[in-house]
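The structure appears below as structure tokens.
In my numbering, the protein residues as written are 101 to 154.
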């Protein structure tokens, strides 16, 4: 977060949502903060969306 605030990063890449928080409210709060205050992107390597069976 400090790097985002200082303009040293434009976004965050994490393995999955649990690297941010396992608590739903806190997780969504962090996402909102990244978008509204830092204007940063968030990329999850492992998507929140369940994948369809192949």
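By construction, the Cβ of each residue, glycine as well, lies at the ideal position given by its N, Cα and C atoms.
Legend entry - residue 107, DSSP secondary structure in three states: Counting from one through the chain shown, the residue named residue 107 turns up at place 7. In the structure shown, residue 107 sits in coil (DSSP, three-state: anything other than H, G, I, E or B).
Legend entry - Residues that DSSP places opposite residue 143 in a beta bridge: In the chain shown, counting from the first residue as 1, residue 143 sits at position 43. According to DSSP, which records beta bridges pairwise, residue 143 is partnered with 113.
Legend entry - Where residue 114 falls, given that 16 or more other Cβ within 10 Å makes a residue buried: Residue mapping note: residue 114 aligns to position 14 of the chain shown, counting from 1. Answer is exposed; the Cβ neighbour count stays below 16.
Inset, instruction - Tell me whether residue 112 is buried or exposed, calling it buried when 16 or more other Cβ atoms sit within 10 Å of its Cβ. - result: Taking the first residue of the chain shown as 1, we reach residue 112 at position 12. Label assigned to residue 112: buried.
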